[in-house]
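Visitor: Take a look at the following structure, please.
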DNA sequence: TTGAAAGCGCTAACAG
DNA sequence: CTGTTAGCGCTTTCAA
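Chains as they are written, first to last, in the numbering used here: chain A, 4 to 327; chain B, 4 to 327.
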């Protein structure tokens with residue numbers, strides 16, 4: 004895959020490299036280069052499929068036009084929605100996106116960020132990979148060092164405690180509070196909260212919203228907290244059975260993530276229960292009517308994060324927390 | 004985000020840049036540089052968080068260590084599975100991945116590939132964005148020109164007619180034939196095939212497998228062919244109603260993509276029908292038992308494609324078609 | 001062991 | 001209009 008260089012073009016056309024460079028940079032008219040020469044260059048370049056050497060330009064300009072993005076994984080389709088938003092904005096601003104996944108590993112997350120920065124990314128978008136509550140907490144030291152190095156960065160969906168970084172999150176607390184309250188107003192008196200017990204601020208805020216709404220209405224909170232990534236595990240099943248068998252079984256569920264809600268809905272149905280579920284996520288066409296959805300503006304979040312990052316790269320000040 | 008250069012390190016440590024370069028390249032021992040000096044360099048670099056300038060290296064070596072990948076979209080989770088496979092292999096070989104989405108636009112696909120190549124990618128992985136049958140066919144000219152320019156490239160999931168490019172696909176024909184045959188052996192006599200009518204070879208092969216299996220058993224084929232991306236559209240619903248109301252309603256369905264199958268399953272259930280469905284895709288935990296799944300080795304495909312691409316980049320010959 | 005020097009492909013003055 | 005020159009940060013001989 005040998006590539007054509009500017010020198011070769013110049014030699015081929017018997018003109019100077021400067022001329023070629025000028026024309027290709029669109030400064031031909033400015034330097035009063037003959038229309039004819041310009042045209043010769045343009046057409047030669049097109050016909051030969053010349054691509055300027057990006058590394059040489061980047062070496063000169065010290066910017067890459069690349070934004071790195073790190074996700075825990077891309078299997079969950081909401082990550083895809085975030086990517087859509089990010090790409091939409093970056094594309095408009097002539098940035099390219101370099102995506103990697105940390106596969107839920109904190110160590111890999113670091114390695115990947117290092118790689119992205121080594122690759123000269125102008126900025127970084129990060130959905131941090133958070134541990135469960137029974138695991139060691141997220142270590143903010145590395146991210147802190149990046150902040151100190153002045154690496155432009157925006158977090159998505161989750162804050163990292165202990166460091167000051169711009170962050171785009173959902174209105175988790177408010178939406179949870181609202182959803183639970185509306186369950187109560189619809190007559191629910193025993194709302195069970197089902198959630199991954201993950202150290203992500205988004206989850207924590209949802210739990211907080213639930214707890215507060217329940218408390219404000221003088222009800223007892225009850226929880227099913229899961230420690231596993233895979234929602235097909237037995238964990239939910241056994242804990243659910245306990246709840247349903249208890250003296251005061253729930254008459255509504257509040258679920259913090261849509262995957263669990265799908266599984267829960269299926270379990271309830273196959274046990275013959277019809278109990279409404281309020282959950283974060285949106286209904287796939289085939290799910291059941293007892294689901295009440297709390298919409299999640301993932302694409303918006305992606306867009307917003309990309310916008311903020313660009314602002315930050317271009318030196319404008321950026322607020323620390325943006326709610327979507 | 005000013006970055007430390009090798010020169011600065013050398014000056015700081017009062018030694019030559021060559022020495023620093025040599026040590027950092029791991030050639031310290033080879034050039035018999037004192038352990039002491041080596042250690043000084045290493046620790047300085049670590050403490051200062053030095054990252055070598057990637058563009059300068061790439062400019063020298065004329066390779067980037069970057070592989071580009073283009074997907075129609077990342078919202079479908081099977082794309083995420085492919086990414087997993089790709090990343091697993093690339094990570095082992097110290098390549099980085101640059102992902103973009105074409106958003107189902109042929110034009111954008113080209114623009115994105117150009118950008119990736121401009122960015123110096125060493126190779127390209129592509130899931131081409133295919134049009135529907137009522138649209139203009141995929142234009143293979145651009146891809147053909149890349150092949151002529153000797154750009155290392157591997158296609159995933161779909162072949163492009165008219166160009167010779169290595170391609171990793173599923174055993175679509177065989178699996179379809181097998182699934183339909185097994186429906187017939189289970190007593191089905193009227194199997195309706197439901198599919199996007201997309202100009203993708205994967206889909207076409209599945210349709211071919213269906214047609215052949217039905218024909219081989221002297222049954223009549225029947226189809227519901229959809230022209231839309233979004234499976235929540237009315238199209239399926241009305242066409243399904245026609246089928247169910249016909250004098251010989253289907254007693255089994257064969258569906259080429261899992262999204263449609265989910266929707267179909269839901270429609271059938273809400274109309275009170277219990278008709279088995281064979282489909283490409285895998286069962287989410289909450290779906291119904293009447294689904295018979297044809298497993299799709301997406302992660303395997305991603306791995307295989309990445310392996311082939313690396314072979315190709317390193318100059319080894321690669322077969323045109325690989326089945327997973 | 002280390003320094004000097006050339007060069008990767010392109011850009012940006014500057015002097016014709 | 002066009003050629004010359006001096007880098008961008010790093011790698012790689014070739015000498016010392």
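Glycine residues also receive a C-beta, built at the ideal position from the N, C-alpha and C atoms.
With a cut-off of 8 angstroms on the beta carbons, I'd call residue 132(B) and residue 173(B) a contact; round off their distance for me.
Guide: Residue 132(B) to residue 173(B), Cβ: 18 angstroms. No contact.
Visitor: Using a threshold of 7 angstroms, state whether the C-beta atoms of residue 104(B) and residue 74(B) are closer than that.
Guide: Yes, they are a contact pair.
Visitor: Looking at the C-beta of residue 86(B), does it have a partner C-beta in chain A at a distance below 7 angstroms?
Guide: Closer than 7 angstroms: yes.
Visitor: In angstroms with no decimal places, state the Cα-to-Cα distance between residue 7(B) and residue 257(A).
Guide: Looking at the two C-alpha atoms, the distance is approximately 51 angstroms.
Visitor: Given a cut-off of 7 angstroms, decide if residue 302(B) and residue 87(B) are closer than it, judged by their beta-carbon atoms.
Guide: Yes, these two residues count as a Cβ contact at 7 angstroms.
Visitor: Between the region 186 to 202 of chain A and the region 8 to 16 of chain B, can you find at least three pairs of beta-carbon atoms closer than 8 angstroms?
Guide: No, because fewer than three Cβ pairs between the region 8 to 16 of chain B and the region 186 to 202 of chain A fall closer than 8 angstroms, the two stretches do not touch.
Visitor: Measure from the C-beta of residue 58(B) to each C-beta in chain A and report whether the shortest distance is under 7 angstroms.
Guide: So yes, residue 58(B) belongs to the interface.
Visitor: Taking only beta-carbon atoms, is residue 78(A) less than 7 angstroms away from chain B?
Guide: So, interface residue.
Visitor: Is residue 82(A) helix, strand or coil by DSSP?
Guide: Residue state, collapsed to three classes: helix.
Visitor: Nearest chain A C-beta to residue 25(B) closer than 7 angstroms, yes or no?
Guide: With 7 angstroms as the cut-off, residue 25(B) does not count as an interface residue toward chain A.
Visitor: Bridge partners for residue 73(A) per DSSP, in chain order?
Guide: Beta-bridge pairing links residue 73(A) to 103(A) and 129(A).
Visitor: Measure the C-alpha to C-alpha separation of residue 281(B) and residue 260(B) and round it to an integer number of angstroms.
Guide: Computed Cα separation, rounded: 10 angstroms.
Visitor: Compute the Euclidean distance between the alpha carbons of residue 71(B) and residue 262(A), then round it to the nearest angstrom.
Guide: Looking at the two C-alpha atoms, the distance is approximately 30 angstroms.
Visitor: Kindly identify the DSSP beta-bridge partner or partners of residue 337(B).
Guide: Nothing in the structure corresponds to residue 337(B), since chain B is present only between 4 and 327.
Visitor: Give the interface partners of residue 99(A) over in chain B, defined as CB-CB distance under 8 angstroms, in chain order.
Guide: The contacting residues are 101, 103, 118, 119 and 122.
Visitor: Could you give the DSSP three-state label for residue 87(A): helix, strand or coil?
Guide: Helix at residue 87(A).
Visitor: What's the C-alpha gap between residue 85(B) and residue 305(B)?
Guide: The straight-line gap from Cα to Cα measures roughly 5 angstroms.
Visitor: List the residues of chain B that residue 20(A) touches, going by C-beta distances under 9 angstroms, in chain order.
Guide: Correct list: empty, because the minimum Cβ distance to chain B is about 16 angstroms.
Visitor: Take the Cβ of residue 266(A) as the centre, count every other Cβ of all protein chains shown within 10 Å, and call the residue buried at 16 or more, exposed below.
Guide: Under this definition residue 266(A) is a buried residue.
Visitor: Restricting to Cα atoms, I'd like to know which of 124(B), 326(B) and 164(B) is closest to residue 313(B).
Guide: Nearest of 124(B), 326(B) and 164(B) to residue 313(B), Cα basis: 124(B).
Visitor: Apart from the five residues just before and just after residue 226(A), which ones in its own chain have a Cβ nearer than 6 angstroms to its Cβ?
Guide: Excluding residues within five positions, the ones whose Cβ falls inside 6 angstroms are 196.
Visitor: Consider the Cβ of residue 308(B): report whether some Cβ of chain A lies at a distance smaller than 7 angstroms.
Guide: Taking Cβ atoms only, chain A never reaches closer than 7 angstroms to residue 308(B), which makes this a no.
Visitor: Determine the DSSP secondary structure at residue 276(B), reduced to helix, strand or coil.
Guide: DSSP places residue 276(B) in coil when its eight states are reduced to three.
Visitor: Taking 7 angstroms as the CB-CB limit, is residue 275(A) close to chain B?
Guide: So, not an interface residue.
Visitor: Tell me, please, whether the CB atom of residue 83(B) is closer than 7 angstroms to any CB atom in chain A?
Guide: Taking Cβ atoms only, chain A reaches closer than 7 angstroms to residue 83(B), which makes this a yes.
Visitor: Checking the sheet assignment: what are the DSSP bridge partners for residue 281(B)?
Guide: Partner(s): 257(B) and 295(B).
Visitor: Within 10 angstroms of the Cβ of residue 30(B), are there 16 or more other Cβ atoms? Answer buried if so, exposed if not.
Guide: Exposed: under 16 other Cβ atoms inside 10 Å.
Visitor: Check each residue of the region 33 to 60 of chain A: if its Cβ is closer than 9 angstroms to any Cβ of chain B, include it; give the result in chain order.
Guide: Answer set for the region 33 to 60 of chain A: 52, 54, 55, 56, 57, 58, 59 and 60.
Visitor: So, at 7 angstroms on beta carbons, what are the nonlocal neighbours of residue 24(B) in its own chain, with the 5 sequence-adjacent residues on each side left out?
Guide: Excluding residues within five positions, the ones whose Cβ falls inside 7 angstroms are 9.
Visitor: Any beta-carbon of chain B closer than 7 angstroms to the one on residue 228(A)?
Guide: It does not: the Cβ of residue 228(A) has no partner Cβ on chain B nearer than 7 angstroms.
Visitor: So, under 8 angstroms CB-CB, residue 119(B) and residue 308(B) are touching, yes? Tell me the CB distance rounded to an integer number of Å.
Guide: Incorrect: roughly 15 angstroms between the Cβ atoms, too far for contact.
Visitor: Does the Cβ-Cβ distance between residue 186(A) and residue 255(A) come in under 7 angstroms?
Guide: Taking 7 angstroms as the Cβ cut-off, residue 186(A) and residue 255(A) qualify as a contacting pair.
Visitor: Is there at least one Cβ from chain A nearer than 7 angstroms to residue 62(B)'s Cβ?
Guide: So, interface residue.
Visitor: Under DSSP, the alpha helix (DSSP H) around residue 226(B) begins and ends at which residues?
Guide: Careful: residue 226(B) lies outside any alpha helix (DSSP H), inside the beta strand (DSSP E) at 225 to 229.
Visitor: Whole-angstrom Cβ separation of residue 156(B) and residue 171(B), contact assumed at under 8 angstroms?
Guide: Not confirmed; about 12 angstroms, so no contact.
Visitor: Check each residue of the region 147 to 175 of chain A: if its Cβ is closer than 8 angstroms to any Cβ of chain B, include it; give the result in chain order.
Guide: The residues in question are 148, 152, 153, 154 and 155.
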